[in-house]
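In what follows, a single structure is set out as structure tokens and then discussed.
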DNA sequence: GCCAACGTTGGC
DNA sequence: GCCAACGTTGGC
């Protein structure tokens with residue numbers, strides 16, 4: 011079982027939006043970065059838990075938890091000329107990009123802002139090494155260590171051991 | 001809106 | 001295969 015952090019701009023798609031979806035489930039489409047794609051394609055498994063991060067908002071931070079309910083399959087928006095995610099190099103033979111399905115799990119009673127994360131990821135801190143607080147880190151999907159996942163849940167006011 | 005950091009593209 | 005130019009991300 012792996013843990014992840016996934017970024018989304020809440021103006022585009024927020025944790026609340028996910029909660030409002032049918033079965034609280036929605037494809038995570040539009041990933042157009044190879045490193046992020048490879049994480050999805052090679053390492054994401056059904057049941058993996060995800061920190062749902064709101065980017066490009068004030069303040070940025072982790073809003074809650076979702077989980078992987080379907081493993082990687084072709085992202086059809088890459089083949090749709092009308093989609094803003096259209097990629098002319100994608101085709102049925104070579105879909106090029108993949109997506110996964112995620113399901114809403116929990117909203118944090120306490121929003122965990124990027125500032126909070128930074129404070130705890132200082133040298134010697136409980137989140138030392140977490141990728142999201144690294145300078146210049148733009149990757150929209152990053153793996154998260156179990157101990158870091160547990161700590162962020164605690165900061166958010168949720169017990170990681172009670173998630174399902 | 002600015003811009004640093006990073007990824008991608010394409011000429012050579 | 002190098003690298004300049006360009007595009008994007010995302011905090012501030």
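Numbering (my numbering), first residue to last: 11 to 174.
Quick reminder that beta carbons are idealized off the backbone N, C-alpha and C, glycines included.
Taking a cut-off of 8 Å for Cβ pairs, the segment 125-140 and the segment 88-102 do not touch, as fewer than three such pairs fall below it. In the structure shown, residue 160 adopts helical secondary structure according to DSSP, grouped into three states. From the listed residues 16, 119, 154 and 166, the smallest Cα separation to residue 40 is found for 16.
Following the DSSP letters along the chain, one finds residue 80 in no alpha helix (DSSP H) but inside the beta strand (DSSP E) bounded by residues 71-84. In terms of Cβ geometry, residue 114 and residue 61 do not form a close pair [threshold 7 Å]. Look at residue 111 here: in three-state DSSP terms it is strand. When DSSP states are grouped into helix, strand and coil, residue 152 belongs to the strand group. Three or more pairs of CB atoms, one per stretch, sit closer than 8 Å, so the segment 136-152 contacts the segment 35-50. The DSSP-derived three-state label of residue 60 is strand. Comparing alpha carbon positions, the residue from 85, 67, 157 and 111 closest to residue 105 is 85.
Apart from the 5 residues on each side of it in sequence, residue 173 sits with its Cβ closer than 7 Å to the Cβ of 59, 75, 115 and 116 in its chain, given in chain order. Membership of residue 36 in the beta strand (DSSP E) is indicated by the continuous run 35-38.
Across the set 156, 42, 13 and 25, the C-alpha of 42 shows the shortest separation from the C-alpha of residue 96.
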